[in-house]
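Single-structure report; data block below.
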Amino acid sequence: MKSIKKALIYGVLIWIIPFAVSFIIFSLHDDNRALFESIMAVVVTAVTMAFGICYLKKVEGDFLKEGIWLGIIWLVTSLVIDLILFLPESDMHMDFVEYIYDIGITYLIIPIVTIGLASLLKKTKRNA
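Using our numbering, the first residue of the sequence shown is number 971, and each one after it goes up by one.
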């Protein structure tokens, strides 16, 4: 990996930004659940794209390997932070299956974006 530290920092930000947005629009969660879920998927995609570009533009080679590892690190970061918050008995508690159905699957966007960006970068650099 080019920079584990930067990957982890960006990974935490990829979790924080959608979490903050979810608080801002939380009234939609009960009033218009479909809109809430759509907005959250767009936010996760947008922040992953933005931080993916910021990270990958400094990579000089092994683009696909870097994109795969980046996606895995960011996916695991979001899952771990969420599970710390959602699994214990609290106001935000969900059982594991409910969590995966409601939130966890959305995070698959993360490696899809990083691998896609890395593939494009590999092709672009090869043709340059």
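Just so it is clear, CB atoms sit at the ideal spot from N, CA and C, and this is done for glycine as well.
Assess, as a yes-or-no matter, whether the segment 1084-1098 is touched by the segment 1034-1046 under the definition of 3 or more beta carbon pairs within less than 8 Å. With a cut-off of 8 Å, the segment 1084-1098 and the segment 1034-1046 count as touching, because enough Cβ pairs lie within range.
Where does methionine 1010 fall in DSSP's three states? Helix, per DSSP.
Own chain residues within Cβ distance below 8 Å of leucine 998, not counting five before or after: Same-chain partners within the cutoff: Leu1005, Phe1006, Ile1009.
From the DSSP output, in three-state form, read off isoleucine 1073 for me. Coil, per DSSP.
Under the assumption that lysine 1084 contacts threonine 1018 (Cβ atoms under 8 Å), give the Cβ distance between them as a whole number of angstroms. What sits at residue 1084 in the sequence shown is threonine, not lysine. Cβ atoms of threonine 1084 and threonine 1018 come within 8 Å of each other, at about 7 Å.
According to DSSP, simplified to helix, strand and coil, what is leucine 1053? Three-state DSSP puts leucine 1053 in a helix.
Which first and last residues belong to the alpha helix (DSSP H) in which lysine 976 is found? First-last of the alpha helix (DSSP H) with lysine 976: 974-994.
Taking 7 Å as the limit between beta carbons, can you name the residues of its chain near methionine 1062, skipping five residues before and five after? Here the set comprises Leu1055, Phe1056.
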